[in-house]
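The block underneath contains the structure these notes are about, expressed in structure tokens.
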Amino acid sequence: MSASEAMARAASTVGAIDCDLHPAVPNAQALMPYMDEYWREHMLRRGLDSENYDLMAFPPAAPINVRPDWKPQTGLPGSSLAVLQAQALDPLGVSFAICNVLHGAQAVMSEDLSAALCRGVNNWVAGELLDRDPRLRASILVPQHSGELAAEEIERLAGDKRFVQVLMLAMAELPPGRRQMWPIYRAAEKHGLPIGLHAGSTFRHPLSAAGWGSTLLEDYVSYAQGMSAALNSLLVEGVFQKFPDLKVVLIESGVTWLPASMWRVNKTWRGVRSEVPWLNRLPADIIRERVRLTAQPLDAMDGEALGRVLDQLGSDDMLLFASDYPHWHYDGSDPVPPGIPPAMLKKMMVDNPRATYSRL
Amino acid sequence: MASRHVVAAADEIPPGGRKIVNVRGRQIGVFNLGGEFFALINVCPHQGAKLCEGAILSQLVSDGPGDYRLERQGEMIRCPWHCWEFDIRTGQSWCEPNDVKAKTYNVTVEPGGTLAKGPFKAETLAVAVERDYVIVEM
Ligand code: FES
């Protein structure tokens, strides 16, 4: 990076904490040594070791999911640690980066197989990433369709402080606030792990509330809508009251939709709050205190409009710096979107991530 | 200085009851909560609905998800338009008690005998010495 390029940056990424980095498991074969004995044989018996476990929500070949200049010659984007170091960690100079592995382990129908695959992925993350680069931290993948099994996985890994978050997809079999999911939140809260809700879906229902879309374009735009619904579910079902120390991070779903969504939930709550008497404060105030968002993508409009919309968030504590490597949300070498108000920018690189991820 | 207005005979508004009255051209709701009288302006601070004609309800209380209790039964009024709730005793909205309030008026109950000495204004009511009356100060 040239000196003038460095000058033009909105904020220096040196020493920053990257809150959304996407390494990939190269293939199911790579997981096999990390699986329990029983499930390794199960995979072989069923030929599951030659499946790819890509999430439908993130087709790896889709251009939006890998920037052209980051596309590896072979293998999945993000699947080589050396490339990831050379393209993301080293040039950005971050102090830590939180690995969010997007993997079909969280989406398979069988709860037991899902749990086994999540254990395999988490073990792979520890062995292939965390043991090899001290800058890396990671989210725990959980079989999110089973609250109990997910909580067991959190307990299994909670002793390893390099795991700093629990990863869930925003759209799954149930809205995330439902009580069947609470064992996950109980375990996460107990161990100081925020819940990272990542854009995406296990495809148990259409991504759009209007039904199944025909295109990636529709699906992709709908992630923000799905995230808004997931957040409303957590709020309204009382997860923030039930688990007073739990934090939630909304990952990779844009930011600028949130002020309008907060306004709408506040307004509606005033009239129909009798459904949920435990929701005894303005919902937007609860969001400001307990919810954080990764700032890539931001879904930024041009110029001053962005500053106005971000001011409406009403808090400088909410944004977390993220490269979102290798997804294609920006070009060039600066992952910090332009136009973020200075006070917000100052906190989002290090202070906000540190306050959010107490295990860092 | 506030003037005192006789707006109803006390036994016209039984406990749990209300009466909408006119005082100096303003509509006021007078409520009887277990023998204590309170008065609110009949205009919702949100968008002006006739607040005092809404449902009289309890305060909903909860210690957390799944916990449902009623407290202070009959002491909240719900606006007929957008269902914001107000505390009949204080006029405070439930949702934003410090910022959104309905105007309240002082109410007293006095025997007709005392009232006969004045000063008071009984625009529409004839006062009989043997009855008690509800007085609103405005
Ligand atoms: S006018 Fe009373 S709540 Fe809207």
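Just so you know, the sequences run in chain order A and B.
My numbering puts the first residue of the first sequence at 52, with every later residue one more than the last.
My numbering puts the first residue of the second sequence at 3, with every later residue one more than the last.
Quick reminder that beta carbons are idealized off the backbone N, C-alpha and C, glycines included.
Keep in mind it's a predicted model, so treat the numbers as computed, not measured.
query	result
Interface residues of the stretch 86 to 101 of chain B facing chain A [CB-CB below 9 Å]	Trp86, Glu87, Ser95, Trp96, Cys97 and Glu98
Inter-residue spacing [alpha-carbon to alpha-carbon] between B:Gln49 and B:Val8	29 Å
C-beta neighbour in chain B for A:Ser63, strict 8 Å	no
Minimum Cβ-Cβ distance from A:Trp314 to chain B less than 8 Å	no
Euclidean distance between Cα positions of A:Arg170 and A:Gln157	10 Å
Beta carbon shell of the ligand FES at less than 5 Å from a heavy atom	B:Cys46, B:His48, B:Gln49, B:Ala51, B:Cys81, B:Trp83, B:His84 and B:Trp86
Contact check, A:Asp367 vs A:Met395, beta carbons under 8 Å	yes
Limits of the beta strand (DSSP E) - the one that B:Tyr135 falls within	Asp134 to Glu139
Interfacial residues, the stretch 51 to 62 of chain B to chain A, with Cβ spacing under 8 Å	Leu62
Neighbourhood of A:Arg183 by C-beta, 8 Å cutoff - its chain only, sequence neighbours within 5 removed	Leu132
For A:Asp402 and A:Pro388, the rounded distance between their alpha carbons	18 Å
Cβ pair B:Arg20, B:Cys54 closer than 8 Å	yes
Chain A residues whose Cβ lies nearer than 7 Å to that of B:Pro113	Those within 7 Å of B:Pro113 in chain A number zero; the least Cβ separation is about 40 Å.
Helix, strand or coil at A:Arg279 according to DSSP, with G and I counted as helix	Note that residue 279 of chain A is Ser in the sequence shown, not Arg. In the structure shown, A:Ser279 sits in a helix (DSSP, three-state: H, G or I).
A:Lys318 classed as buried or exposed, judged by whether at least 16 other C-beta atoms fall within 10 angstroms	exposed
Beta bridge counterpart(s) of B:Lys103 as assigned by DSSP	B:Gln94
Whole-angstrom distance between B:Glu38 and B:Gly76, CA atom to CA atom	12 Å
Cβ neighbour criterion (16 or more within 10 Å) applied to B:Ile22	exposed
C-beta neighbour in chain B for A:Val323, strict 8 Å	yes
Residue range of the beta strand (DSSP E) that includes B:Arg71	Arg71 to Arg80
Buried/exposed call for A:Leu244, threshold 16 Cβ in 10 Å	buried
Span separating the alpha-carbon of B:Leu62 from that of A:Arg410	38 Å
Outcome for A:Thr407 when other beta-carbon atoms lying within 10 angstroms are tallied against a minimum of 16	buried
Cβ neighbours of A:Phe6 in the same chain (closer than 6 Å, five flanking residues each side left out)	Residue coverage of chain A in this structure runs from 52 to 411, which leaves residue 6 of chain A outside it and unanswerable.
Whole-angstrom distance between A:Ser165 and A:Pro6, CA atom to CA atom	The first residue shown for chain A is 52 and the last is 411, placing residue 6 of chain A beyond what the model contains.
Alpha-carbon to alpha-carbon, B:Ser60 and B:Lys105	20 Å
Closest by C-alpha distance to A:Met83, when choosing among A:Pro74, A:Asp71, A:Gly98 and A:Ser252	A:Gly98
Which of helix, strand or coil DSSP assigns to B:Ser41	Here residue 41 of chain B is Ala; the residue named in the question, Ser, does not match the sequence. Residue state, collapsed to three classes: strand.
Pairwise C-alpha distance: A:Ser284 and A:Leu225	10 Å
As assigned by DSSP and simplified to three states, the class of A:Met232	helix
Cβ of B:Gly66 within 8 Å of any chain A Cβ	yes
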